[in-house]
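Structure, rendered in structure tokens:
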């Protein structure tokens, strides 16, 4: 039986931020995401690693 990866609300926020930034700038850097969400760059790095592992 395949396992489902459920996203947390925070992970959904990161994906939504990436979507909006890419729509505006064509690319989303960690700095852009941290500015958009008002979080530290290290938090973005951790979240991106987690999301990548889920892919």
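Numbering (this note's numbering), first residue to last: 1439 to 1493. Positions of the beta carbon are idealized from the N, C-alpha and C atoms, including for glycine.
Same chain only: Cβ atoms within 8 angstroms of residue 1489, ignoring 5 sequence neighbours per side
So the list reads 1449, 1452 and 1453, once near-sequence residues are dropped.
Contacts around residue 1460, its chain only, beta-carbon distance under 7 angstroms, and the 5 residues preceding and following it disregarded:
Contacts found: 1466.
I need the DSSP call for residue 1464, collapsed to helix, strand or coil.
If DSSP states are grouped into helix, strand and coil, residue 1464 belongs with coil.
When the distance is taken between beta carbons, is residue 1482 closer than 8 angstroms to residue 1468?
Residue 1482 is positioned such that its CB atom lies closer than 8 angstroms to that of residue 1468.
Take residue 1485 and list the residues in its own chain whose beta-carbon comes closer than 6 angstroms to its own, dropping the five residues that flank it on each side.
Cβ neighbours of residue 1485 beyond the five flanking positions: 1452.
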